[in-house]
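Student: Quick one: this structure, given as structure tokens, is what I'll be asking you about.
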Amino acid sequence: MIQLATLFAAGLLVIPSANAFWRLRCSQPVLNSRVDPIVNPGKPSSHSHTIVGSNAIGFDTTFDSLRASNCSTCKVKDDKSAYWTPELFYEYKNGSFQAVPHGGMLVYYLQRNGNGETVEAFPDGLRVLAGNPYLRSDPKTPESQAITWNCIDFHGPAQPQTSGFTNTTCPDGLRAQVFFPGCWDGVNLDSPDHKSHMAYPDGVDNGLCPPTHPHHLISIFYEVWFYVNTFNALNDGGRFVLSNGDPTGYGLHGDFMNGWDSGVLSRAVNTCTAQSGVIEDCPVFNNENRFYTDDENNACFAPNPVSGENDDPGAILAHLPGCVAVTDGPANATPADVVPECVPGVAVNGTPLPAGATDAPPPSPTKVSSGSSTPTVPAQLGNQLAVPKPSVSASTYTTDLGAILSLLQGSSTASSSTSSYPTHPTGSCGKDNGSAQGHRRSRMMRRHGSPLSN
């Protein structure tokens with residue numbers, strides 16, 4: 065085995081600058097479904113997730129199956145990892161739900177290490193969970209500091225980052241942000257709680273690793289940009305709810321399943337020292353033809369192993385996927401918080417919900433009469449919408465699904481020319497113009513050496 069000292073002497077190992085990082089663009093979800101092979105292997109998970117990355121994601125995904133997959137919605141061909149967070153839904157006042165679309169994910173790879181530490185690549189098979197889906201208030205722990213939201217307004221003052229849904233009236237999107245622990249114990253690729261094998265450094269997003277977890281891995285940070293403005297324009301008294309039944313935002317969490325070619329990632333960690341964040345500035349990727357085209361990314365999808373459920377934007381649902389009940393807190397939610405007499409994937413008449421319902425033409429605006437708890441729906445949604453919870457009174461509202469589908473197709477004009485993460489889906493994870501001046505950077509990006517600032 066070649067020793068580190070030998071590599072240092074030969075000039076073949078470069079310690080990356082503490083400011084070095086790149087942004088991995090993941091163009092779209094590869095799957096929206098109740099799939100979580102980390103927490104719920106072999107069966108549907110309790111709540112739905114929006115997943116980007118490898119199309120090998122499923123109930124029984126392993127490192128080997130990820131590596132054997134034939135495509136990914138993320139930019140680098142050698143990265144067959146899977147990245148996911150809970151879906152965001154809009155809960156109409158009558159108790160029905162609709163998934164909020166987003167323009168993919170940006171995953172930041174950050175070479176941050178404490179004094180005397182060397183940043184390492186992920187070990188094969190690493191699996192990590194960040195955040196707590198049951199939180200309904202802020203415990204003010206180091207882990208909770210790593211979970212944040214940012215309301216984006218390119219034409220107004222920068223909004224403060226918050227731990228929960230303090231403000232969801234966001235002209236240019238509501239951004240979910242998850243910073244993962246970067247310190248590994250050097251032994252376990254997973255742990256019973258999917259967290260204990262990892263730890264945060266003493267600065268949460270930077271600093272020294274604890275002695276119990278001495279290996280400082282490259283840090284990853286998710287940004288998911290949800291298009292909430294179409295729903296906000298309804299002004300119908302609804303609210304935003306995460307798929308784990310969380311209307312507070314404190315239960316945001318993220319999962320990561322490593323699927324990198326370890327040799328390629330190791331070389332990138334050691335040699336991609338640009339401080340621009342632009343992934344094309346990394347010679348390991350750009351000079352070796354390791355990028356997917358945008359068309360290849362956008363053509364990648366994973367089959368949904370959950371029969372009879374449709375979690376995609378455009379479908380109107382009677383309940384959250386998996387029959388998860390909405391719990392307001394402040395006490396933590398529990399796995400027992402489910403809607404009584406609800407059967408996942410089945411309408412009230414016992415008919416399975418059509419898996420391909422979102423492929424139907426967009427329906428006309430949906431109207432709910434003020435005196436009824438049962439909405440009137442277009443014919444093409446006839447089997448999708450079961451009777452809403454009778455305890456929730458109905459209201460009159462209009463759902464502009466055409467505008468939502470327009471956003472998904474990339475025809476929105478509400479983008480910022482100075483943002484390195486534009487607000488329309490085709491641009492958000494497509495070409496990276498490298499500009500940071502107009503991009504509302506997260507607290508994690510502004511602190512400790514990142515050149516990107518407001």
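The opening position of the sequence shown corresponds to residue 65 in the numbering used here, with each subsequent residue numbered one higher. Yeah, the Cβ is synthetic: ideal placement off N, Cα and C, and Gly gets one too. What you are looking at is a predicted structure, and each value in this text was computed from that prediction instead of being measured.
#1: Does the Cβ of Pro-155 have 16 or more other Cβ atoms within 10 Å, making it buried, or fewer, making it exposed?
#2: What runs of the beta strand (DSSP E), each 3 residues or longer, lie entirely inside the region 121–199?
#3: If contacts are defined as beta-carbon pairs under 8 Å, then Lys-141 and Phe-355 qualify, I think. What distance do you get, rounded to the angstrom?
#4: So, for Cys-273: in the same chain, excluding its five sequence neighbours on each side, which residues have a beta-carbon less than 6 Å away from its beta-carbon?
#5: Which first and last residues belong to the alpha helix (DSSP H) in which Leu-329 is found?
#6: How about Pro-394 and Ser-201: do their beta carbons lie closer than 7 Å?
#7: Just how far apart, CA to CA, sit Leu-88 and Gly-341?
#8: Using 7 Å as the threshold, is the C-beta distance between Val-164 and Ala-210 below it?
#9: Can you say whether Asp-36 is buried or exposed, counting buried as having 16 or more other CB atoms within 10 angstroms of its CB?
#10: Determine the direct distance from the alpha carbon of Val-333 to that of Leu-384, and round the result to whole angstroms.
#11: At what residues does the alpha helix (DSSP H) containing Val-348 begin and finish?
#12: Using a Cβ-Cβ cutoff of less than 8 Å, which residues in the same chain neighbour Gln-223 once the five nearest sequence positions on both sides are dropped?
#13: Grouping DSSP H, G and I as helix and E and B as strand, with all else coil, what is Ile-115?
#14: Using only alpha-carbon positions, find the residue among Gly-159, Lys-144 and Ser-371 that is nearest to Val-305.
#15: Would you mind sorting His-111 into buried or exposed? The rule is 16 or more other CB atoms within 10 Å of its CB.
#16: To which residues of the same chain is Asp-345 closer than 6 Å at the C-beta, ignoring the five residues directly before and after it?
#17: Using the rule of at least 16 other Cβ atoms within 10 Å of the residue's Cβ for burial, across every protein chain shown, is Gly-168 buried or exposed?
#18: Smallest Cα separation from Ala-363: which of Asp-128, Ala-379 and Leu-95?
#19: Could you round the C-beta distance between Arg-191 and Leu-130 to whole angstroms and report it? I think they count as a contact, below 8 Å.
Tutor: Let me lay it out:
#1: Residue 155 sits at position 91 when you count from the first residue of the sequence shown. The sequence as given places Glu at residue 155; Pro does not occur at that position. Classification of Glu-155: buried, given that the 10 Å Cβ count is 16 or more.
#2: Unbroken beta strand (DSSP E) stretches of 3 residues or longer found wholly inside the region 121–199: 146–150, 152–155, 161–163, 166–174 and 191–195, given in chain order.
#3: Locating residue 141 in the sequence shown gives position 77, counting from the first residue. Locating residue 355 in the sequence shown gives position 291, counting from the first residue. With 8 Å as the limit, Lys-141 and Phe-355 qualify as a contact, their Cβ atoms being about 7 Å apart.
#4: The sequence position of residue 273 within the sequence shown is 209, counting from 1. Cys-247, Pro-265 and His-280, listed in sequence order.
#5: Working through the sequence shown from its first residue, we reach residue 329 at position 265. From DSSP, the alpha helix (DSSP H) with Leu-329 extends over 326–335.
#6: As a working mapping, residue 394 is identified with position 330 in the sequence shown. As a working mapping, residue 201 is identified with position 137 in the sequence shown. Their beta carbons are under 7 Å apart, which means Pro-394 touches Ser-201 by this criterion.
#7: Mapped onto the sequence shown, residue 88 falls at position 24. Mapped onto the sequence shown, residue 341 falls at position 277. Their Cα atoms are separated by approximately 9 Å.
#8: The residue given as residue 164 occupies position 100 in the sequence shown. The residue given as residue 210 occupies position 146 in the sequence shown. Result no, Cβ atoms of Val-164 and Ala-210 do not sit closer than 7 Å.
#9: Limits of the chain in this structure are 65 at one end and 518 at the other, which puts residue 36 out of reach.
#10: Position 320 of the sequence shown, counting from 1, holds the residue named residue 384. Position 269 of the sequence shown, counting from 1, holds the residue named residue 333. If you take the alpha carbons of Leu-384 and Val-333, they lie about 40 Å apart.
#11: In the sequence shown, the residue the question calls residue 348 occupies position 284. Per DSSP, Val-348 belongs to the alpha helix (DSSP H) from 347–350.
#12: If you number the sequence shown from 1, residue 223 lands on position 159. Counting only Cβ-Cβ distances below 8 Å, and skipping sequence neighbours, we find Asn-214, Cys-215, Ile-216, Asp-217, Asn-231, Cys-234 and Arg-504.
#13: Within the sequence shown, residue 115 is the residue found at index 51, counting from 1. Reduced to three states, the DSSP call for Ile-115 is strand.
#14: Taking the first residue of the sequence shown as position 1, residue 305 is located at position 241. It is Gly-159 whose Cα lies nearest to the Cα of Val-305.
#15: Taking the sequence shown and counting its residues from 1, the one referred to as residue 111 is at position 47. That one is buried.
#16: For the purposes of this step, residue 345 is taken as the residue at position 281 of the sequence shown. Residues Ala-338 of the same chain have their beta carbon placed closer than 6 Å to that of Asp-345, with the five preceding and five following residues left out of the count.
#17: Numbered from its first residue, the sequence shown carries residue 168 at position 104. With 16 or more other Cβ atoms within 10 Å, it is buried.
#18: For the purposes of this step, residue 363 is taken as the residue at position 299 of the sequence shown. For Ala-363, the closest C-alpha among the options Asp-128, Ala-379 and Leu-95 is that of Leu-95.
#19: Residue mapping note: residue 191 aligns to position 127 of the sequence shown, counting from 1. Residue mapping note: residue 130 aligns to position 66 of the sequence shown, counting from 1. Incorrect: roughly 11 Å between the Cβ atoms, too far for contact.
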